[in-house]
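The structure appears below as structure tokens.
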Amino acid sequence: MAFANDRPIFLELADTIAADVLAGLYPEESQVPSTTELAAHYRINPATAGKALNTLVDAGIVYKKRGLGMFVATGAPEALRRERRAELHTHYIAPLLTEAKRLGLTPADVVDLITKDPS
Amino acid sequence: MNTSTRSLRLYLSNKAYVVGVPIITLAAMVLVSVLIALVMGIVVGLPLPHDVEEGFRNNLGSLTALPGFLVSMGALAVNRNFAMALAFGSTRRNFWVGTALGFGLTSLVTAVAAVVLLALESLTHGWFVHTHAFDVTAMGNGNYLKAFAMTFVLSALSLFLGALFGTVYRAFGASLTTVTAFAMGIVVVGLIAVGVWQRVRVIAFLADWGLWAVVAIVAALVAAVAAASYSANRLATF
Amino acid sequence: MTPTVTETSGIQIRQLHKSYGSLDVLSGLDLTLPAGHIYGLVGPNGAGKTTLMSTICNHTFPSGGTILVDGENPAENAGVLERMCFIHEDQPYNDVFSVASILHVMPNFYPDWDAALAQRLVARFQVPVERRARKLSRGQKSAFAIVISLASRAAYTFLDEPYLGLDPTAREIFYEELMTDFGAHPRTIIMSTHLIDEAAALMEEVIVLHEGEIVLQADVDDARSSAYVARGLADEVRAFAQGRDVIAQRTLGRILSATIRGQVTPGDEDKASANRISLEPVSLQDLIAALGIHTLTNALTTENR
Numbered sequence: 000m001a002f003a004n005d006r007p008i009f010l011e012l013a014d015t016i017a018a019d020v021l022a023g024l025y026p027e028e029s030q031v032p033s034t035t036e037l038a039a040h041y042r043i044n045p046a047t048a049g050k051a052l053n054t055l056v057d058a059g060i061v062y063k064k065r066g067l068g069m070f071v072a073t074g075a076p077e078a079l080r081r082e083r084r085a086e087l088h089t090h091y092i093a094p095l096l097t098e099a100k101r102l103g104l105t106p107a108d109v110v111d112l113i114t115k116d117p118s
Numbered sequence: 000m001n002t003s004t005r006s007l008r009l010y011l012s013n014k015a016y017v018v019g020v021p022i023i024t025l026a027a028m029v030l031v032s033v034l035i036a037l038v039m040g041i042v043v044g045l046p047l048p049h050d051v052e053e054g055f056r057n058n059l060g061s062l063t064a065l066p067g068f069l070v071s072m073g074a075l076a077v078n079r080n081f082a083m084a085l086a087f088g089s090t091r092r093n094f095w096v097g098t099a100l101g102f103g104l105t106s107l108v109t110a111v112a113a114v115v116l117l118a119l120e121s122l123t124h125g126w127f128v129h130t131h132a133f134d135v136t137a138m139g140n141g142n143y144l145k146a147f148a149m150t151f152v153l154s155a156l157s158l159f160l161g162a163l164f165g166t167v168y169r170a171f172g173a174s175l176t177t178v179t180a181f182a183m184g185i186v187v188v189g190l191i192a193v194g195v196w197q198r199v200r201v202i203a204f205l206a207d208w209g210l211w212a213v214v215a216i217v218a219a220l221v222a223a224v225a226a227a228s229y230s231a232n233r234l235a236t237f
Numbered sequence: 000m001t002p003t004v005t006e007t008s009g010i011q012i013r014q015l016h017k018s019y020g021s022l023d024v025l026s027g028l029d030l031t032l033p034a035g036h037i038y039g040l041v042g043p044n045g046a047g048k049t050t051l052m053s054t055i056c057n058h059t060f061p062s063g064g065t066i067l068v069d070g071e072n073p074a075e076n077a078g079v080l081e082r083m084c085f086i087h088e089d090q091p092y093n094d095v096f097s098v099a100s101i102l103h104v105m106p107n108f109y110p111d112w113d114a115a116l117a118q119r120l121v122a123r124f125q126v127p128v129e130r131r132a133r134k135l136s137r138g139q140k141s142a143f144a145i146v147i148s149l150a151s152r153a154a155y156t157f158l159d160e161p162y163l164g165l166d167p168t169a170r171e172i173f174y175e176e177l178m179t180d181f182g183a184h185p186r187t188i189i190m191s192t193h194l195i196d197e198a199a200a201l202m203e204e205v206i207v208l209h210e211g212e213i214v215l216q217a218d219v220d221d222a223r224s225s226a227y228v229a230r231g232l233a234d235e236v237r238a239f240a241q242g243r244d245v246i247a248q249r250t251l252g253r254i255l256s257a258t259i260r261g262q263v264t265p266g267d268e269d270k271a272s273a274n275r276i277s278l279e280p281v282s283l284q285d286l287i288a289a290l291g292i293h294t295l296t297n298a299l300t301t302e303n304r
């Protein structure tokens, strides 16, 4: 798998798993793949996979059941939703406005584009 | 498990080589002797008359056919098996010991095969055409013990000589191997020259001590060559 | 599992020298590799990768320096050597041995040999078991070497450009099997490779060898974030690059791309956007390629002085 160059792989992987949790692919209390399974599937070394899972543990998205594996924490999807709502401005709105400015559009123009969006 | 037996097993897993080659070589000797007899028989009739048959006693086929194959077998056994043994974590010493034991086994098998063929030769009165491949002076004129001993030491010498060339090649490269072979050739020619020059004394010596003296000399050579190949092996690289 | 460098585990190399005649292949190399990790060994041909691995495994003898594996000198040390497996890229096999007969002999060399794994891998890579090992194609030989290396479970496994002759599908199989086995049975793996971007995610640490010396040894993520590319109009980029460690430059018409060693600060980002310079990440492969050229250029410059 081609991971982006600018961020460490374990962060990219943590994001991918978090996105899957948010989309409901991993329901609450369901098991997520082990480090070895992740390593084999993405062709990354198990240490990196382990780091990704630990990142999610630290963020409270997954937790470890001793002897069984990693499971999605109850309330994780909701927590992710809250977190991403808070970051919506930083990750999407600010870049959108910067790009718009670069193209010579005002914020009003941008709002116009949004309200007229068919989807 | 004793780690030298790993290399022995590596050597032995080459079953065709360990058992097949020596036996086929000996069988080929028989075939050659029979063919020569058949050709001669065109002139003197078959089975061969007594005086022609006696001439066959000087047949050196058994002495020269074996080394040819076994020297190259020894060289190959060392050359490629060594690379594998190193790749799989063997020490040079253990590889040498295991291979040397393998050589011992091959020599044993060859010697036993020679004795069996010698018995068959007697039973068939010279393979039905009164030829001699094993019942020859060089092999003790039908003495089973002498034939066994002579075949054993000759096989061992050939294998270790091949091994020596193989390890010298691995340790010092192609040019030095050629130099070694050349030097050995000169030594052999020199010894033969001395032997011919002093032939009266040599024949008298052999008459007194017989084939056992030759066996003992060859055995000593085996020890010398084996020691040399061990030293060269210690210096050999992948 | 945190890395441990104890006196009794891992590989420790001090001042390793190796010369072939008058040619110095390794010149005073220092390297410490804690056990239980995957290391990528990269560098141009002739940099000394194979020589380094050969010396550690006692396939050839060092000209100087010390090597310790698990705290002991591996030279003629049966206990240490039997925990190693290093099949060379051009490994010669006896004329007569078939793949099957070699696999049959392997349990004698490796007490932890996994015959079932070997069988499965041989089938997955489609290695013809009855064929003589010498008669295998380049790709089949690589696959065979991978099979043995993985099934051996050797504590120190060395892989020398293991992908040679393998098509992309086979390479994917290799990477998958390598990660699966390494995950289930941790060991130390040292792999030399030219396909850096492909292997970047597999390695934990990358060691860059150039002309017998270690030019870079770092965690892969750290290495990747140790440089960036500044791209824009030539004059602007040159101005931006003043005083920075530029290790490579490429020009496309009026656009100059400069690979700069260092970390991007917020101040840098502002300065760049003010001058229509884009700051981009650099792939591990590009970084290592740039380092190679950089070191070579430096050497040439010092010679010309």
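Chains as they are written, first to last, in numbering that gives the first Met the number 0: chain E, 0 to 118; chain R, 0 to 237; chain L, 0 to 304.
In this text, a Cβ means the ideal position worked out from N, Cα and C, and glycines have one as well.
{"Query": "Kindly list the residues whose CB is nearer than 8 Å to the CB of residue 135(L), restricted to its own chain and excluding five residues on each side of it in sequence; keep chain order.", "Result": "98, 126, 127 and 143"}
{"Query": "Less than 8 Å between the CB atoms is what I'm expecting for residue 61(L) and residue 15(L), so what's the real figure, rounded?", "Result": "6 Å"}
{"Query": "Say whether the region 269–278 of chain L touches the region 175–187 of chain L, bearing in mind that this needs 3 or more beta-carbon pairs closer than 8 Å, one atom from each stretch.", "Result": "no"}
{"Query": "Spell out whether any CB of chain R is found under 9 Å from the CB atom of residue 93(L).", "Result": "yes"}
{"Query": "Mind checking residue 48(R): buried by the 16 CB within 10 Å criterion, or exposed?", "Result": "exposed"}
{"Query": "Determine which residues share a DSSP beta bridge with residue 17(L) and list them.", "Result": "25(L)"}
{"Query": "For the region 107–175 of chain R, which segments carrying the alpha helix (DSSP H) assignment without a break, of at least 4 residues, lie completely within its bounds, in sequence order?", "Result": "143–171"}
{"Query": "In whole angstroms, what separates the C-alpha of residue 14(R) from that of residue 96(L)?", "Result": "10 Å"}
{"Query": "Please check if any C-beta of chain L sits within less than 9 Å of the C-beta of residue 39(E).", "Result": "yes"}
{"Query": "Under 9 Å, do residue 182(L) and residue 32(E) count as touching if we go by C-beta distance?", "Result": "no"}
{"Query": "Let's test the definition: count the other Cβ atoms within 10 Å of the Cβ of residue 91(E) and tell me whether it reaches 16, buried, or not, exposed.", "Result": "exposed"}
{"Query": "Since residue 16(R) meets chain L, which of its residues come closer than 7 Å, beta carbon to beta carbon?", "Result": "95"}
{"Query": "Return no unless some Cβ of chain R is closer than 9 Å to the Cβ of residue 190(L).", "Result": "no"}
{"Query": "With a CB to CB cut of under 6 Å and the five nearest residues on each side skipped, what residues in its chain are close to residue 146(L)?", "Result": "117, 120 and 121"}
{"Query": "Given residue 223(R), which residues of its chain have a CB within under 6 Å of its CB, disregarding the five upstream and five downstream residues?", "Result": "none"}
{"Query": "Buried or exposed: residue 304(L), going by 16 or more other Cβ atoms within 10 Å of its Cβ?", "Result": "Note on residue 304(L): pLDDT 43, under 50, position unreliable in the model; no value is reported."}
{"Query": "Helix, strand or coil for residue 193(L), going by three-state DSSP, please let me know.", "Result": "coil"}
{"Query": "Taking C-beta to C-beta, are residue 225(L) and residue 260(L) nearer than 9 Å?", "Result": "yes"}
{"Query": "Do the region 77–85 of chain L and the region 89–97 of chain R meet, that is, are 3 or more Cβ pairs less than 8 Å apart?", "Result": "yes"}
{"Query": "Please compile the residues from chain R whose C-beta is within a distance smaller than 9 Å of the C-beta of residue 60(L).", "Result": "234 and 236"}
{"Query": "At a CB-CB cut-off below 8 Å, which residues of chain R make contact with residue 86(L)?", "Result": "86"}
{"Query": "What residue does the beta strand (DSSP E) around residue 242(L) start on, and which one ends it?", "Result": "From DSSP, residue 242(L) is part of no beta strand (DSSP E); its letter is neither H nor E."}
{"Query": "Does DSSP classify residue 5(E) as helix, strand or coil?", "Result": "coil"}
{"Query": "Measure from the C-beta of residue 104(L) to each C-beta in chain R and report whether the shortest distance is under 9 Å.", "Result": "yes"}
{"Query": "Report the partner residues of residue 61(E) according to the DSSP bridge assignment.", "Result": "71(E)"}
{"Query": "Within a Cβ cutoff of 7 Å, which residues of the same chain sit near residue 169(L), ignoring the five residues on either side of it in sequence?", "Result": "124, 138 and 142"}
{"Query": "Can you grab the Cα-Cα spacing for the pair residue 112(L) / residue 100(L), in whole Å?", "Result": "15 Å"}
{"Query": "So is residue 34(E) in contact with chain L if we call contact Cβ pairs under 9 Å?", "Result": "yes"}
{"Query": "Can you have a look at residue 309(L) and say buried or exposed, based on whether 16 or more other CB atoms are within 10 angstroms of its CB?", "Result": "The first residue shown for chain L is 0 and the last is 304, placing residue 309(L) beyond what the model contains."}
{"Query": "Quick check on residue 286(L): does DSSP put it in helix, strand or coil?", "Result": "helix"}
{"Query": "Against chain E, with Cβ distances strictly below 9 Å, would residue 57(L) count as a contact?", "Result": "no"}
{"Query": "One question on the structure: do residue 257(L) and residue 230(L) come within less than 9 Å of each other, judged by their Cβ atoms?", "Result": "yes"}
{"Query": "Please report the residue range of the alpha helix (DSSP H) in which residue 43(L) lies.", "Result": "No alpha helix (DSSP H) holds residue 43(L); DSSP gives it neither H nor E."}
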